[in-house]
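Colleague:
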Amino acid sequence: MSVAFKIKEVTAAAIHQLYGIDLQPNDVLVNATKPEFEGDYTVVLFAFIKQLKKSPDALGQELGSYIVAQHPELFTAYNVIKGFLNLTIGDAYWLSFIQTQFTNEHFGEAAFNGTKVMVEYSSPNTNKPLHLGHLRNNFLGRSIAEILKANGNEVAKTCIVNDRGIHICKSMIAWQMFGNGATPESTHTKGDHFVGDYYVKFNDEYKRQVEELKAQGKLDEEAEKSAPIMKATQQMLLDWEAGKPEVMELWRNMNSWVYAGFDSTYKRIGSDFDKTYYESNTYLLGKDLVETGLEKGVFYQKADGSVWIDLTSDGLDEKLVRRKDGTSVYITQDIGLAEQKQKEFNAKQSIYVVGDEQNYHFKVLKLICQKLGLPSADGIYHLSYGMVELPTGKMKSREGTVVDADDLVEEMVNIARQKTEELGKVKDFTAEELEELYDTIGLGALKFFLLRVDPKKKMVFNPEESIDFHGFTGPFIQYTHARIKSILRKSGVGSLELGVITEAQTLFPLEKELSIHLEMFPSVLQDAADEHDPSKVAIYIFNLAKTFNSFYTEHSIGNAENEEKKTLRLQLSQLTAQVIKTGMNVLGIRVPERM
RNA sequence: GGACCGGUAGCUCAGCUGGAUAGAGCACAAACCUUCUAAGUUUGGGGUCAUUGGUUCGAAUCCAAUCCGGUUCACCA
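Using the working numbering, you'd call the opening residue of the first sequence number 836 and step up by one each time.
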């Protein structure tokens, strides 16, 4: 349990004892004490003064003296300023904390709690390669899965591949028209890029045909509808649904190229899945649930045969769940898939990592599942994240303003290579070790950049300015880790064989500050899981690294004033490195031993 | 038009269950490597927290209105 929470408990208990008022620990507001005041943690008293009819100062004095007297093992002093009760934690507490945790490689992680959670993420279309937006999705999904694991959950990662539909047929048609039998192998192109190029070709040709028809005097809408290439694409979708052999073969071929491309990108960025669903297998799911819904009176049928649900009483609209031709729509498939996943995994919570433009969709999905009384309903959680935008606005594939995932990863790794070479600190590394280091740093910079921002918020990426390697960045934290490891190596101690601190000693401010930061780690991990927000971890780790670097600059570790101090500082360093490693790992970022 | 999200330093972002003088990083100006990794540290300048009103001991945070930006409300997925 964290000290901050203990203070809440102790304060609530004290108020109960002294004034007979029952409080929950979380009714007590506890903050870190501002640096300009004496103390470590501050209890904010204003909330209680009305109820207790006491002046803030009197209440603070009474509470402070009571709490300190009751818990001498924890507190050594208090002071009251205005309505703030500042408490000082004794050095003995921090020393004991460091002493008991510095060898704990799982510090911060919770014990297995038996809860099953599903995380669905990535979910690409097979008509074009991954871009920066997908990277945010993949990093978020992977990270939230790791954060949940660290909090004791059993996590299953899933992916739904959107491998069918009109957009896939567009690439297929364009390949038939312009491909001349080319393949990724024959053109030495990565499969997903190869197929994506035909998607672009489709759009170019389509635009050309529309212009041509308009020049012949047709109206916009008519031209768009009657363009031969669009008609051919629509026919192809019908042929696909009918299972026409040559269309199926082309479809399988093109998808296999895309999958090969995706696989190599996934491998590089560290995305993996316990189970992959393909929409071509799941798009018919949910049909039986439409019948169920009709029987239960949750859905209703219109005169033309289409089936709807009326959500106006929930403040939403009417929503179609089955077309008049009897085919199902997106939401119906999703309901069906939710049920299928529920049957397969029986998870308590099912997290969907999907962009915020689908907020409405997931609201509706959950609502419909609840109205149908499905077991999956209450576990549905939409982890909604904002778009990654360019300074000029949204990325648009049609306007060529998309930041390609593979290109960006490559660029980041190249920058890492260049900077590492300039600094020249790892000249003795083998070629393989160097490549691994460049990957670690380049991808670390990229992942940290995308994860350090609150997922809910949209964010801006400027391709003109490369992602930084200084300050609030992945490499800064990786560097701090490598630096600590270097110190530990030079001090000639193995990780588990540091001495015992026996004497009570006085902590310097930065030693204490570092201890306080370290002690917060478990509650930060828990908070990140509760909020589904990896940025909490990113921000925390950054502040920890910054605190360590100040501590490092101020105090010598290997040549400390005496053996006691040396032992303490080595233990502090060791635990800091451990927390950085665990924290970065849940973000999906590796930390090097040297850089 | 309805619903939802956002607007904090030149830029990118924290802070939002109301609490002490609103914080980081980048950029800018300067200082610090014969001793543990300078991808570092320290210092400085930089703010009408979109606007207006309200709630109260106290508002960047809550409420209302307004302005600006975004998303969504498809027999697309």
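The beta-carbon is built from N, C-alpha and C at its ideal position, and this holds for glycine as well. These numbers were taken from a predicted model, which means no experiment stands behind them.
1. Leaving out the 5 sequence neighbours to the left and right, which residues in its chain are closer than 7 Å to residue 868 when beta-carbon positions are compared?
2. Assess, as a yes-or-no matter, whether the stretch 1070-1086 is touched by the stretch 1000-1007 under the definition of 3 or more beta carbon pairs within less than 8 Å.
3. Measuring alpha carbon to alpha carbon, tell me which of 848, 983, 1117 ends up nearest residue 947.
4. Residues in its own chain within less than 7 Å of residue 974 by CB, not counting five upstream and five downstream?
5. With the cut-off set at 8 Å, would you say residue 1188 and residue 956 are in Cβ contact?
6. In chain order, what residues of the same chain have a beta carbon less than 6 Å from the beta carbon of residue 860, not counting five sequence neighbours either side?
7. Along the beta strand (DSSP E) that carries residue 1347, what are the first and last residues, could you check?
8. Decide yes or no for the touch test of the stretch 1404-1411 against the stretch 1256-1268: beta carbon pairs closer than 8 Å, at least 3 of them.
9. Would you report the Cα separation of residue 1298 and residue 1143, rounded to the nearest angstrom?
10. Between which two residues does the beta strand (DSSP E) harbouring residue 867 extend?
11. Would you call the CB atoms of residue 987 and residue 1356 closer than 8 Å?
12. Identify the continuous alpha helix (DSSP H) that holds residue 1408 and give its terminal residues.
13. Quick check on the DSSP output: what are the complete beta strand (DSSP E) runs of length 3 or more inside the stretch 1148-1178, in order along the chain?
14. Give the straight-line distance between the Cα atoms of residue 1347 and residue 870, rounded to the nearest whole angstrom.
15. From residue 1246 to residue 1363, what distance separates their C-alpha atoms?
16. Between residue 1296 and residue 1223, how many whole angstroms is the CB-CB distance? I'm expecting something under 8 Å.
17. Anyone know if the C-beta pair for residue 1154 and residue 1170 falls short of 8 Å?
18. Beta-carbon separation of residue 895 and residue 909 under 8 Å?
19. Applying the criterion that 16 or more other CB atoms from any shown protein chain within 10 Å of the CB defines a buried residue, is residue 1195 buried or exposed?
20. Is the beta carbon of residue 993 sitting closer than 8 Å to the one on residue 1112?
21. Using alpha carbons as the reference points, say which of 1120, 1089, 1043 lies closest to residue 1020.
22. Per DSSP, what kind of secondary structure is residue 851 in: helix, strand or coil?
23. Tell me where the alpha helix (DSSP H) around residue 968 begins and ends.
24. Am I right that residue 1345 and residue 1390 are in contact with their C-beta atoms under 8 Å? What's the rounded C-beta distance?
25. If you draw a straight line from the alpha carbon of residue 1382 to that of residue 1252, how long is it in whole angstroms?
26. Whole angstroms are fine: how far does the CA of residue 884 sit from the CA of residue 919?
27. Based on the DSSP secondary-structure assignment, which residues constitute the bridge partners of residue 910?
28. In the DSSP assignment, find the alpha helix (DSSP H) that holds residue 1196 and state where it starts and stops.
29. Measuring alpha carbon to alpha carbon, tell me which residue in 1139, 1366, 1412, 1147 is nearest residue 1318.
30. Could you check which residue in 1250, 933, 953, 1292 has the C-alpha nearest to that of residue 1191?
31. Measure from the alpha carbon of residue 1231 to the alpha carbon of each residue in 912, 840, 968, then state which is nearest.
32. Could you name the residues of the same chain whose beta carbon sits closer than 7 Å to that of residue 1336, not counting the 5 residues immediately before and after it, in chain order?
33. Indicate whether residue 1100 and residue 1240 have their beta-carbon atoms separated by less than 8 Å.
34. Under a three-way DSSP split, which group does residue 1115 fall into?
35. At which residues does the beta strand (DSSP E) containing residue 1184 begin and terminate?
36. Let's see if you can read the secondary structure: which residues bound the alpha helix (DSSP H) around residue 1067?
Modeller: Considering the structure as presented:
1. Stepping through the first sequence from its first residue, residue 868 is reached at position 33. The residues 874, 875, 876, 877, 921, in chain order, have a CB closer than 7 Å to that of residue 868 in the same chain once the five nearest residues on each side in sequence are set aside.
2. Of all C-beta pairs linking the stretch 1000-1007 to the stretch 1070-1086, three or more are shorter than 8 Å, placing the two stretches in contact.
3. Here residue 947 corresponds to residue number 112 of the first sequence, with the count starting at 1. Ranking the options by Cα distance to residue 947, first place goes to 983.
4. Taking the first sequence and counting its residues from 1, the one referred to as residue 974 is at position 139. Answer for residue 974: 1282, 1285, 1286, 1423, listed in chain order.
5. For this step, residue 1188 is matched to residue 353 along the first sequence. For this step, residue 956 is matched to residue 121 along the first sequence. In this structure, residue 1188 places its C-beta atom within 8 Å of the C-beta atom of residue 956.
6. For the purposes of this step, residue 860 is taken as residue 25 along the first sequence, with counting starting at 1. Cβ neighbours of residue 860 within its own chain (closer than 6 Å, five residues either side excluded): 843, 844, 847.
7. Position 512 of the first sequence, counting from 1, holds the residue named residue 1347. Premise fails: residue 1347 lies in the alpha helix (DSSP H), 1344-1366, not in any beta strand (DSSP E).
8. No contact exists between the stretch 1404-1411 and the stretch 1256-1268.
9. Locating residue 1298 in the first sequence gives position 463, counting from the first residue. Locating residue 1143 in the first sequence gives position 308, counting from the first residue. So the alpha carbons of these two residues sit roughly 45 Å apart.
10. Counting from 1 along the first sequence, the entry for residue 867 is found at position 32. Counted as a single uninterrupted DSSP element, the beta strand (DSSP E) harbouring residue 867 occupies residues 865-867.
11. Position 152 of the first sequence, counted from the start, is the residue given in the question as residue 987. Position 521 of the first sequence, counted from the start, is the residue given in the question as residue 1356. Not closer than 8 Å, so no.
12. Position 573 of the first sequence, counting from 1, holds the residue named residue 1408. Per DSSP, the unbroken alpha helix (DSSP H) holding residue 1408 starts and ends at 1398-1421.
13. For the beta strand (DSSP E) assignment, the uninterrupted runs of no fewer than 3 residues enclosed by the stretch 1148-1178 are, from N- to C-terminal side, 1153-1157.
14. Reading the first sequence from its first residue, position 512 is the one you call residue 1347. Reading the first sequence from its first residue, position 35 is the one you call residue 870. Residue 1347 and residue 870 have their alpha carbons spaced roughly 13 Å apart.
15. Walking along the first sequence from the start, residue 1246 turns up at place 411. Walking along the first sequence from the start, residue 1363 turns up at place 528. So the two alpha carbons sit approximately 30 Å from each other.
16. As a working mapping, residue 1296 is identified with position 461 in the first sequence. As a working mapping, residue 1223 is identified with position 388 in the first sequence. Right, their Cβ atoms sit about 5 Å apart.
17. For this step, residue 1154 is matched to residue 319 along the first sequence. For this step, residue 1170 is matched to residue 335 along the first sequence. Between residue 1154 and residue 1170, the C-beta gap is not smaller than 8 Å, which leaves the two residues out of contact.
18. Reading the first sequence from its first residue, position 60 is the one you call residue 895. Reading the first sequence from its first residue, position 74 is the one you call residue 909. No, these two residues do not count as a Cβ contact at 8 Å.
19. Residue 1195 sits at position 360 when you count from the first residue of the first sequence. Exposed, because fewer than 16 other Cβ atoms sit within 10 Å of the Cβ of residue 1195.
20. As a working mapping, residue 993 is identified with position 158 in the first sequence. As a working mapping, residue 1112 is identified with position 277 in the first sequence. Remark: C-beta atoms of residue 993 and residue 1112 approach each other more closely than 8 Å.
21. Start at 1 with the first residue of the first sequence, and residue 1020 comes out as number 185. It is 1089 whose Cα lies nearest to the Cα of residue 1020.
22. In the first sequence, the residue the question calls residue 851 occupies position 16. Three-state result, residue 851: helix.
23. To locate residue 968, count along the first sequence from 1; it is residue 133. Start and end: 967-985.
24. Looking up residue 1345 in the first sequence gives position 510. Looking up residue 1390 in the first sequence gives position 555. Confirmed, about 7 Å.
25. Here residue 1382 refers to the residue found at position 547 when the first sequence is read from its first residue. Here residue 1252 refers to the residue found at position 417 when the first sequence is read from its first residue. Cα to Cα, the separation comes out at about 27 Å.
26. Here residue 919 corresponds to residue number 84 of the first sequence, with the count starting at 1. Here residue 884 corresponds to residue number 49 of the first sequence, with the count starting at 1. Straight-line measurement puts the Cα of residue 884 at about 12 Å from the Cα of residue 919.
27. Here the question's residue 910 lines up with position 75 in the first sequence. Beta-bridge pairing links residue 910 to 924.
28. Position 361 of the first sequence holds residue 1196. Counting along the chain, the alpha helix (DSSP H) containing residue 1196 begins and ends at 1194-1206.
29. Along the first sequence, read from residue 1 onward, the residue named residue 1318 stands at position 483. Of the listed residues, the one whose Cα sits closest to residue 1318 is 1412.
30. Counting from 1 along the first sequence, the entry for residue 1191 is found at position 356. Nearest C-alpha to residue 1191 among 1250, 933, 953, 1292: 1292.
31. Reading the first sequence from its first residue, position 396 is the one you call residue 1231. When only C-alpha atoms are compared, the closest one is 968.
32. Against the first sequence, residue 1336 aligns to sequence position 501. Residues of the same chain with a CB within less than 7 Å of the CB of residue 1336, apart from the 5 flanking positions on each side, are 930, 934, 1399, 1402, 1403 in chain order.
33. Sequence index remark: in the first sequence, residue 1100 carries index 265 (1-based). Sequence index remark: in the first sequence, residue 1240 carries index 405 (1-based). Here residue 1100 is near residue 1240, since their CB atoms are less than 8 Å apart.
34. By 1-based counting over the first sequence, the position of residue 1115 is 280. Reduced to three states, the DSSP call for residue 1115 is helix.
35. Along the first sequence, one-based indexing puts residue 1184 at 349. It spans 1184-1190 - the beta strand (DSSP E) in which residue 1184 sits, taken as one unbroken run.
36. As a working mapping, residue 1067 is identified with position 232 in the first sequence. Looking at the DSSP string, the run of the alpha helix (DSSP H) that includes residue 1067 is 1063-1077.
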